[in-house]
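Q: Here you go, one structure.
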Ligand code: HEM
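In our numbering, the protein residues as written are 569 to 760.
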């Protein structure tokens, strides 16, 4: 029930999955919203701190999620899937893991490079140190500019990939009528 089986996801993997979906959507919306606000207002500062706190939560969750995945059987993809679709699903999962690590790390590097040296205090409690920024990125302002661009592009990439995944899941549910989507919602083993 809690753990994965060869044919289905356990409750822990399902909760991780949907918590990550909600957090990433919230971070994406908040990121776009806060960057459009006047930078001098204290409310904007609070939203930036919230964005950074939620972003670090994602980084912690994806690390734990990866350990959980390594410690558990990974459910097989359904037999009804052709080979190309399986290969695509595996490549997509890898790309999602890469992006979900790379986005918060690029954000962390970006705030570390900022000439303003603004501290990051998670949920108003935990002070996060700045990272050393690679010298190859130039002076602080240049490095911050580059990392802002990288952070934004990676964030759009994860949303595009997730939208593609959601469309594929609905196609499986509504057209192929298999258990691909259902097993992401319920711990009942899938019909393979
Ligand atoms: C999965 C996690 C994250 C997602 C999906 C995400 C997404 C975004 C998005 C969409 C933007 C707006 C980009 C733009 O239009 O300029 C943004 C901006 C920003 N993010 Fe993140 N972010 C994440 C994690 C983090 C983390 C961990 C930090 C810092 C520790 C961070 C720091 C920032 C900052 C400082 C900005 C404002 C950049 C600017 O002023 O242009 N983000 N983020």
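Quick reminder that beta carbons are idealized off the backbone N, C-alpha and C, glycines included.
For clarity, every value in this text was computed on a predicted model and none was experimentally measured.
#1: Could you compute how far the alpha carbon of residue 611 sits from the alpha carbon of residue 602?
#2: If we call anything under 7 Å between Cβ atoms a contact, is residue 626 one with residue 591?
#3: One question on the structure: do residue 681 and residue 712 come within less than 7 Å of each other, judged by their Cβ atoms?
#4: Just grab the DSSP bridge partners of residue 573 for me.
#5: Using 8 Å for Cβ pairs, my map puts residue 629 next to residue 584. What's the rounded Cβ distance?
#6: For the beta strand (DSSP E) containing residue 695, name the first residue and the last one.
#7: Figure out for me which residue from 594, 582, 696 has the closest Cα to the Cα of residue 633.
#8: My understanding is that residue 576 touches residue 755, with C-beta atoms under 8 Å, so please give their C-beta distance in whole angstroms.
#9: How far does the beta strand (DSSP E) with residue 689 in it extend, from its first residue to its last?
#10: If I measure Cβ to Cβ from residue 709 and keep anything under 6 Å in the same chain, skipping five residues before and after, which residues do I get?
#11: Any chance the CB of residue 708 is under 6 Å from a heavy atom of the ligand HEM?
#12: For residue 720, is the beta carbon positioned less than 6 Å from some heavy atom of the ligand HEM?
#13: Counting pairs of beta carbons, one from the segment 692 to 706 and one from the segment 722 to 734, are three or more of them closer than 8 Å?
#14: Looking at residue 715 and residue 674, is the spacing between their C-beta atoms short of 7 Å?
#15: If the criterion is Cβ atoms closer than 7 Å, does the pair residue 593 and residue 579 meet it?
#16: Can you give the beta carbon distance from residue 619 to residue 595, rounded, assuming they're within the 8 Å contact cut?
#17: Looking at residue 672: is its Cβ nearer than 7 Å to the Cβ of residue 597?
#18: Does residue 570 have its Cβ less than 7 Å from a Cβ in chain B?
#19: Only counting runs of 4 or more residues, tell me where the alpha helix (DSSP H) segments fall wholly within the segment 618 to 694, in order along the chain.
#20: Measure the beta-carbon distance from residue 574 to residue 643 and round it to whole angstroms, keeping in mind my assumption that it falls under 8 Å.
A: The short version:
#1: 9 Å
#2: yes
#3: yes
#4: 576
#5: 7 Å
#6: 694 to 696
#7: 582
#8: 6 Å
#9: 688 to 690
#10: 683
#11: no
#12: yes
#13: no
#14: yes
#15: no
#16: 6 Å
#17: no
#18: Absent from the structure is chain B; it holds one protein chain and no more.
#19: 651 to 681
#20: 6 Å
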